[in-house]
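Accompanying notes for the structure given below.
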Amino acid sequence: MEEYQYPPLLDNSKSKSFRLLSLLPGDFEAPLCCRIQNFTLDHAPPYEALSYVWGQKDGRGPLACNSGLLYVKHNLEQALFALRWPDRPRFLWVDAVCINQKDYEERAQQVRIMRQIYARAERVVIWLGPRSPNVEHALHLAKNLGHMSTVLRPSPEDHFASFWQQSVVKALIAEERAGRVPETLFAATELADLFDREWFSRIWCVQEVFAPKEAVIKIEDIEAPFSELVSAARYAILIRERYLPSRPLEFWGVVASHKYSGRPFSSIEDSVGNLEKILISTRNFHATDPKDKIFALMGFADESKGAVGAYTPPESNSDATGTVLIRKLVGFIASQIPGEAQQPRLLKIDYHKSVMEVYRDTTRFLLRKSASSSRCVQHTEETISNTHWPSWVPDWSRPKNTSFPAAMPLFTADSKWLLQSDNRMSPAEPNRLYVEGYCLDHIVRISDHIEVDVSERVELELLWSQLFDYPILHGYTMSSSNGEPLLQAFLAVLMMGELGSFVPEDYARRRRLHFAVFGT
1 MEEYQYPPLL DNSKSKSFRL LSLLPGDFEA PLCCRIQNFT LDHAPPYEAL
51 SYVWGQKDGR GPLACNSGLL YVKHNLEQAL FALRWPDRPR FLWVDAVCIN
101 QKDYEERAQQ VRIMRQIYAR AERVVIWLGP RSPNVEHALH LAKNLGHMST
151 VLRPSPEDHF ASFWQQSVVK ALIAEERAGR VPETLFAATE LADLFDREWF
201 SRIWCVQEVF APKEAVIKIE DIEAPFSELV SAARYAILIR ERYLPSRPLE
251 FWGVVASHKY SGRPFSSIED SVGNLEKILI STRNFHATDP KDKIFALMGF
301 ADESKGAVGA YTPPESNSDA TGTVLIRKLV GFIASQIPGE AQQPRLLKID
351 YHKSVMEVYR DTTRFLLRKS ASSSRCVQHT EETISNTHWP SWVPDWSRPK
401 NTSFPAAMPL FTADSKWLLQ SDNRMSPAEP NRLYVEGYCL DHIVRISDHI
451 EVDVSERVEL ELLWSQLFDY PILHGYTMSS SNGEPLLQAF LAVLMMGELG
501 SFVPEDYARR RRLHFAVFGT
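In structure tokens:
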């Protein structure tokens with residue numbers, strides 16, 4: 001049987017055509033067979049959308065389609081076997097099969113309407129793979145934890161609820177360390193392990209679960225509401241006893257606290273937030289095609305909602321009430337504009353571009369949109385060996401193995417100035433970034449690379465000793481170049497510019513007390 005040849009889609013300017021896979025019935029031993037049919041979004045039969053992981057080094061199995069053959073990766077093959085009904089066909093949307101992956105123009109067009117494809121689905125089925133020991137107990141525990149949290153109805157300021165969550169996990173950990181391992185502990189460990197499955201770090205899955213009305217997870221023959229599992233993400237964080245910004249587990253904890261508690265992500269309708277914020281939050285997610293680290297986010301970011309959403313300033317915790325109201329008004333206006341939202345030129349989905357060009361244009365757009373330069377320093381820990389890669393462009397495909405303190409808004413080096421000088425950019429030099437600024441000082445000494453485990457504390461005395469030849473306690477009696485105590489300047493560098501109220505004498509008193517206690 002020859003390879004399946006995709007017939008072209010209809011003119012998509014208005015009809016928004018797409019393909020559906022009709023998975024034909026059969027028992028588990030029978031070969032997989034299907035039909036692929038063209039439909040429009042407005043005239044499609046009821047269907048489900050599959051969310052799964054493609055896999056990098058996966059084997060391939062045959063899928064008979066119409067009068068041809070497609071070869072699908074092993075993980076998808078397993079999912080289709082598990083989803084096939086024995087007595088009737090099942091309409092599914094599966095990206096690897098329903099999109100001609102060899103046609104760049106079609107891929108770009110289908111990515112632009114992908115959020116709508118998932119939103120029109122009856123539900124999304126999330127394939128997490130094969131069973132593992134205690135997985136049923138883990139899902140039962142997630143359901144119970146979600147029920148208890150609902151009864152408590154915690155608000156972001158509800159410290160009792162937060163204390164309760166930590167107490168539950170600490171009790172389990174204490175049981176383990178005491179040698180008493182209850183069944184609940186096995187379930188809790190399995191629950192945390194579920195979030196380590198590859199699906200939870202796949203970039204496309206974010207859009208796939210935000211758009212639909214209903215999502216379920218499937219582990220072989222087990223089905224459970226996705227909301228029950230993801231709502232337990234905060235417990236998994238505590239079970240793991242870790243917190244790292246940009247890690248997938250922390251991202252899903254935020255998803256649970258917004259999507260399934262009625263708290264909006266953004267004042268712009270159908271948006272999860274501005275592109276910069278989402279990029280940083282999903283930095284450690286993966287994509288088969290590195291370009292999709294950007295393109296996969298364009299279905300639900302502010303910038304995907306047309307010019308109104310694209311150029312509205314990002315939200316900030318320090319926004320005044322008037323600013324928040326203006327954003328809500330802008331969001332309402334954006335939702336009332338008829339027709340397809342036009343994305344900014346620099347953010348246009350184009351698979352003909354190289355990875356560097358996609359990342360470069362995205363970074364330039366972000367720099368022009370926002371006053372803050374923080375996203376430019378988000379790639380300082382990596383060394384890009386490619387000499388054709390501009391130094392100011394982050395490689396978003398590379399995971400972060402370091403992180404700034406969680407209080408990133410404290411970074412004030414740019415003092416909220418807009419990057420106006422980039423308007424001098426020449427089309428002949430797209431890789432060059434023009435900036436203007438002032439020389440404030442010269443670097444005279446650099447400490448060793450700071451490498452601290454998440455559970456450890458930064459040893460200030462050690463860092464101080466790498467920069468100065470006298471004890472840290474002398475720092476509050478000596479002055480820096482601008483007249484402030486040298487210790488204050490040192491701490492300000494570590495805290496990215498802001499310390500709040502600083503009392504050198506109080507710091508010295510606390511340090512003496514510290515040494516007195518641990519010296520006895």
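All residue numbers for the sequence shown refer to full-length UniProt numbering, where the first residue is 1 and numbers rise by one. Built from N, CA and C at the ideal position, the CB exists for glycine as well.
Indicate the three-state DSSP secondary structure (helix, strand or coil) for residue i in the structure shown.
| i | result |
| --- | --- |
| T40 | strand |
| R112 | helix |
| P248 | helix |
| A121 | coil |
| E77 | helix |
| G437 | coil |
| F18 | strand |
| H286 | strand |
| K218 | strand |
| L69 | strand |
| A489 | helix |
| A428 | coil |
| residue 557 | As displayed, the chain neither begins before 1 nor continues past 520, which places residue 557 out of reach and without an answer. |
| P405 | With a pLDDT of 47 at P405, under the threshold of 50, the predicted position of this residue should be treated as unreliable, though the coordinate-derived value follows. Three-state DSSP puts P405 in coil, outside helix and strand. |
| A129 | The amino acid at residue 129 is misidentified as Ala; the sequence shows Gly. In the structure shown, G129 sits in a strand (DSSP, three-state: E or B). |
| S51 | strand |
Buried or exposed for residue i, please, with buried defined as at least 16 other CB atoms from any protein chain shown within 10 angstroms of its CB.
| i | result |
| --- | --- |
| N284 | buried |
| N75 | buried |
| E3 | exposed |
| G273 | buried |
| C439 | exposed |
| R88 | exposed |
| A296 | buried |
| L494 | exposed |
| A79 | buried |
| residue 586 | The question about residue 586 has no answer, for the chain in this structure spans 1 to 520. |
| E484 | exposed |
Can you check whether the CB of residue j is closer than 8 Å to the CB of residue i?
| i | j | result |
| --- | --- | --- |
| W127 | Y52 | yes |
| K291 | V358 | yes |
| E106 | I113 | no |
| I36 | R19 | yes |
| T362 | I443 | no |
| M356 | W392 | no |
| I219 | V135 | yes |
| A256 | A287 | no |
| S201 | P248 | yes |
| E303 | L279 | no |
| L41 | R120 | yes |
| I349 | V111 | yes |
| L32 | F81 | yes |
| L366 | M298 | no |
| Y104 | H352 | yes |
| G253 | I237 | yes |
| F300 | S281 | no |
| A211 | R345 | no |
| S447 | L433 | no |
Please work out which residues of its chain come closer than 6 Å, Cβ to Cβ, to residue i, disregarding the five sequence neighbours upstream and downstream, and give them in chain order.
| i | result |
| --- | --- |
| M478 | L486 |
| E223 | V216 |
| R90 | L23 |
| R445 | L467 |
| D221 | none |
| H137 | A187 |
Once the 5 residues before and after residue i are set aside, which same chain residues still bring their CB inside 7 Å of it?
| i | result |
| --- | --- |
| L141 | T184, A187, A188 and L191 |
| A215 | R123, V124, I126, V209 and F226 |
| N66 | Y4, R35 and I36 |
| E198 | V53 |
Please return the same chain residues whose Cβ sits closer than 8 Å to the Cβ of residue i, not counting the five positions on each side in sequence.
| i | result |
| --- | --- |
| D27 | P86 |
| Q5 | G68 |
| F39 | S17, F18, R19, L20 and P45 |
| S480 | L486, Q488 and A489 |
| Y71 | R60, G61, P62 and L63 |
| E157 | In this predicted model, E157 has a pLDDT of only 44, less than 50, meaning its place in the structure is not dependable; the value taken from the coordinates is given anyway. Once the five neighbours on either side are set aside, E157 has no close Cβ partner at all. |
| Q101 | R107 |
| W204 | S51, D95, A287, D292 and A296 |
Report whether the distance from the Cβ of residue i to the nearest heavy atom of the ligand NAP is below 7 Å.
| i | result |
| --- | --- |
| L194 | What this structure holds is no ligand at all, so the ligand NAP is not there to describe. |
Compute the beta-carbon to beta-carbon distance between residue i and residue j, rounded to the nearest angstrom, for a pair I have assumed lies under 8 Å.
| i | j | result |
| --- | --- | --- |
| E459 | I472 | At roughly 10 Å, the Cβ-Cβ gap does not stay under 8 Å, so E459 and I472 are not in contact. |
| R84 | P25 | 7 Å |
| E48 | L92 | 6 Å |
| P427 | R360 | At roughly 13 Å, the Cβ-Cβ gap does not stay under 8 Å, so P427 and R360 are not in contact. |
Are the C-beta atoms of residue i and some chain D residue less than 8 Å apart?
| i | result |
| --- | --- |
| P130 | Any reference to chain D falls outside this structure, which holds one protein chain only. |
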